[in-house]
Amino acid sequence: MRAGNVPFLVILMAVAGLAMFLPASHALVLGDHAEARAFLYSGVLLLMVTALIAIATANHRPPNLARSQLAGLLGAYALLPLLFAVPFYLALPDTTFGNAWFEMLSAFTTTGASLYDRPGRLGQTLHLWRALVGWLGGFFVLLNAVAVLAPLNLGGTEVVSGRPPGRLVGGWIEAAEPSERLPRHATALFPAYGGLTLLLWGALLTSGEPGLVALSYAMGTLSTSGIAPGWDFADAPMIRSGEALVFVFFVVAITRRMIPGAVLVDRSRPLREDPEIVLAVMLMLSAPAMLILRHWLGSVDYVGGVPQFLQALWGSIFTTLSFMTTTGYVSGGWDVARGWSGLGSSGLILMGLAIIGGGVGTAAGGVTLLRVHALFSHSRRELERIVHPSSVGGGGAAGRRIRGEGAYVAWIFFMLFAISIAVTMLALALTGLDFEQAVIFSVAALTTTGPLAAVAGEAPVFWSDLGGVQKVILGFAMILGRIETLAILALFTPAAWWR
4 MRAGNVPFLV ILMAVAGLAM FLPASHALVL GDHAEARAFL YSGVLLLMVT ALIAIATANH
64 RPPNLARSQL AGLLGAYALL PLLFAVPFYL ALPDTTFGNA WFEMLSAFTT TGASLYDRPG
124 RLGQTLHLWR ALVGWLGGFF VLLNAVAVLA PLNLGGTEVV SGRPPGRLVG GWIEAAEPSE
184 RLPRHATALF PAYGGLTLLL WGALLTSGEP GLVALSYAMG TLSTSGIAPG WDFADAPMIR
244 SGEALVFVFF VVAITRRMIP GAVLVDRSRP LREDPEIVLA VMLMLSAPAM LILRHWLGSV
304 DYVGGVPQFL QALWGSIFTT LSFMTTTGYV SGGWDVARGW SGLGSSGLIL MGLAIIGGGV
364 GTAAGGVTLL RVHALFSHSR RELERIVHPS SVGGGGAAGR RIRGEGAYVA WIFFMLFAIS
424 IAVTMLALAL TGLDFEQAVI FSVAALTTTG PLAAVAGEAP VFWSDLGGVQ KVILGFAMIL
484 GRIETLAILA LFTPAAWWR
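Going by our numbering, the residue at position 138 of the sequence shown is 141; the numbering climbs one at a time, nothing skipped.
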């Protein structure tokens, strides 16, 4: 029996089982034998069950490969968090399995929301497990973006391809078995993904960050999960050099150029002409500029000199890019930036940045920069035609395609995203949550930006305050935000694949 002959979901189960041995070894080194046994026994049992399922499903060929791949993607988010939650639940006996499931779902969808916000609530091994699950979830997003969603013209590639979402591109997904396609892309993506993680980890260690902290930040940055080991940059009394290192690696969530094997990338185009990078830089500079200028334009009563000004500027730039990539790390200078601008909360800005999101084909969530660029280009062209009705738009065939078919599908996705926020808010409101909290939690879940809840409102709101039904609603919202609504619609409308 070849490993490539079993369903991809079974392979993911085996990877989950193998991953449990890392925290088991970590707990053993620390001398925490109870946690070590929880992860060791869970991993061994999962591998045994996976082996039996693999034997039973070997050589199974689904009648519809495209539909099976989308179903496998949805099934992974339904099943794997349950498996990840088993050792977490066993290692933390004073919690419920429902809370453990929500924690692992949040990590695997790279949302990074945590129910255990009290300092010292989780041990080092459990923090490592959260970061590892989030890191694996980030790689899973990249792999599916290239191997599953791109051939189906989903996940943002429909903006530049000019073909309807759900229609096959080139027939690769029809002709190639998952056993051929997925390993091929995994072997191309993982060295870069793992290498960049190791590079950032080593750089953070060199800057003086402790080992687990550096590893968590490295995994949280590359996966955009924003998972931190119990504290964040914002908890530091001063800005740390690690912030600058993390800031540099945010570019991986802005453009897919950094990842080999990425889809629909024109690497010959200069970076200054990349629409995602140009839009990200514009947003990264304009949002902090508004916050900084408000200090003088609004006559803010805040005493601060040049050091406070520079700290506020850096804090606002770092936090802006962090939430645009849906990572959610908050700079140590963010509180100074809020005081400098005179705003009790800049949550509306951060929520808007999270909704815009990062690059297509990356681990970032949100609407994505390429879709926003398509809508912006279409709007600008329509305004030009109002002034000059007979003018001819530039940009060549690619530019016309983005302004036309690309803007059309981008608008459809944007409206579906807005409807998803409204439906999630309504469901949370029916459970008794007030309007402001419903908005914050809905946007945080659908954009996979869990740390948004702590900084979006006048006062922080905590995931741990949610009830059982509210956690289930937001759990489904995380899955919807991670897979994207168009992909789910394509799963349930298979007739669109054969037109």
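Glycine is no exception: its CB is placed at the ideal position from the N, C-alpha and C atoms.
Where are the beta strand (DSSP E) runs, 3 residues long or more, that stay fully inside the segment 93-125, in chain order?
Within the segment 93-125, no complete beta strand (DSSP E) run reaches 3 residues.
Within the same chain, show all residues whose beta-carbon is closer than 6 Å to that of H29, passing over the 5 residues directly before and after it, in chain order.
Excluding positions up to five away in sequence, the list reads T128, L131.
Which two residues bound the contiguous alpha helix (DSSP H) that contains M428?
Segment 410-433, the alpha helix (DSSP H) holding M428.
If you follow the alpha helix (DSSP H) that P26 is in, where does it begin and where does it stop?
From DSSP, the alpha helix (DSSP H) with P26 extends over 24-33.
Hey, could you find the ends of the alpha helix (DSSP H) M481 is sitting in?
Residues 471-486.
I believe L208 touches A217 by the beta-carbon criterion, under 8 Å. Please report the beta-carbon distance rounded to the nearest angstrom.
Contact holds; Cβ gap of about 5 Å.
Since I believe A19 is in contact with L83 (beta carbons under 8 Å), could you give me their beta-carbon distance rounded to a whole number of angstroms?
About 6 Å separates the two Cβ atoms, so the contact holds.
Excluding the five sequence neighbours on either side, which residues of its own chain have a C-beta within less than 7 Å of the C-beta of D35, listed in chain order?
These residues qualify, in order along the chain: G126, T128.
I'd like the span of the alpha helix (DSSP H) that includes P310, first residue to last.
Element bounds for P310: 309-327.
With 16 other CB atoms within 10 Å as the buried threshold, where does I422 fall?
When all chains shown are included, I422 counts as exposed.
Quick check on this structure: which residue in T114, L145, V47, P122 has the alpha carbon closest to the alpha carbon of A134?
Comparing Cα-Cα distances from A134 to each of T114, L145, V47, P122, the minimum goes to T114.
Report the rounded CA-to-CA distance for T330 versus G223, giving the unit in angstroms.
Whole-angstrom Cα-Cα distance: 7 Å.
Which of helix, strand or coil does DSSP assign to P291?
P291 falls in the helix class under three-state DSSP.
Straight-line CA distance for T365 to I358?
Near 15 Å, if we compare the C-alpha coordinates of I358 and T365.
Buried or exposed: where does I389 fall if 16 or more other Cβ atoms within 10 Å of its Cβ makes it buried?
Per the 10 Å Cβ criterion, exposed.
Express the C-alpha separation of G101 and S2 in angstroms, rounding to a whole number.
There is simply no residue 2 to check, as the chain begins at 4 and stops at 502 in what is shown.
With DSSP collapsed to three states, give me the class of N156.
Correct three-state label for N156: coil.
From this set, G355, Q311, S334, which residue's C-alpha is nearest L286's C-alpha?
Of the listed residues, the one whose Cα sits closest to L286 is G355.
In its own chain, which residues sit with a C-beta less than 8 Å from the C-beta of L378, not counting the 5 before and 5 after it?
Here the set comprises A410, A413, W414, F417.
Would you be able to state if there are at least three C-beta pairs under 8 Å between the segment 48-62 and the segment 455-472?
The segment 455-472 is not in contact with the segment 48-62.
Just checking my contact of G360 with V370 at CB under 8 Å: how many whole Å lie between their CB atoms?
About 5 Å; that satisfies the 8 Å criterion.
Using 8 Å as the cut-off, can you tell me whether the segment 317-336 makes contact with the segment 448-463, which would need three or more C-beta pairs spanning the two stretches below that distance?
Touching, yes, given that three or more Cβ pairs across the two stretches are closer than 8 Å.
May I have the straight-line CA-CA distance separating I476 from L108, to the nearest angstrom?
So the alpha carbons of these two residues sit roughly 12 Å apart.
Would you call the segment 196-204 and the segment 84-94 in contact, with 3 or more CB pairs under 8 Å?
At 8 Å Cβ cutoff, the stretches do not touch.
Round the Cβ separation of G137 and P454 to the nearest angstrom and send it over; I've been treating them as touching at under 8 Å.
Between P454 and G137 the Cβ distance is about 12 Å, and since that is not below 8 Å, they are no contact.
Going by Cα to Cα distance, which pick from L225, W104, A37, L12 is closest to A367?
For A367, the nearest C-alpha among the options comes from L225.
Is the CB-CB distance between L431 and S445 below 8 Å?
Yes, the Cβ-Cβ distance between L431 and S445 is below 8 Å.
At 4 residues or longer, what runs of the alpha helix (DSSP H) sit wholly inside the segment 335-397?
The segment 335-397 contains these whole alpha helix (DSSP H) runs: 337-344, 350-359, 372-390.
Span of the alpha helix (DSSP H) holding A59?
Looking at the DSSP string, the run of the alpha helix (DSSP H) that includes A59 is 36-60.
Pick from G158, A221, A41: whose alpha carbon is nearest that of A94?
Checking every option, the nearest Cα to that of A94 belongs to A41.
Could you give the distance in angstroms between the alpha-carbon of D120 and the alpha-carbon of P186?
Rounded to the nearest angstrom, the two C-alpha atoms are 37 Å apart.
Hey, L296 and L372: beta-carbon distance below 8 Å or not?
Not in contact: L296 and L372 (Cβ atoms no closer than 8 Å).
On the criterion of 16 or more Cβ atoms from any shown chain inside 10 Å, does E246 qualify as buried, or is it exposed?
Burial call: buried.
Just how far apart, CA to CA, sit S380 and M51?
Cα-Cα distance, rounded: 53 Å.
Helix, strand or coil for A179 per DSSP?
The predicted model places A179 with a pLDDT of 48, which falls under 50 and marks its position as unreliable; any figure quoted below should be read in that light. Correct three-state label for A179: coil.
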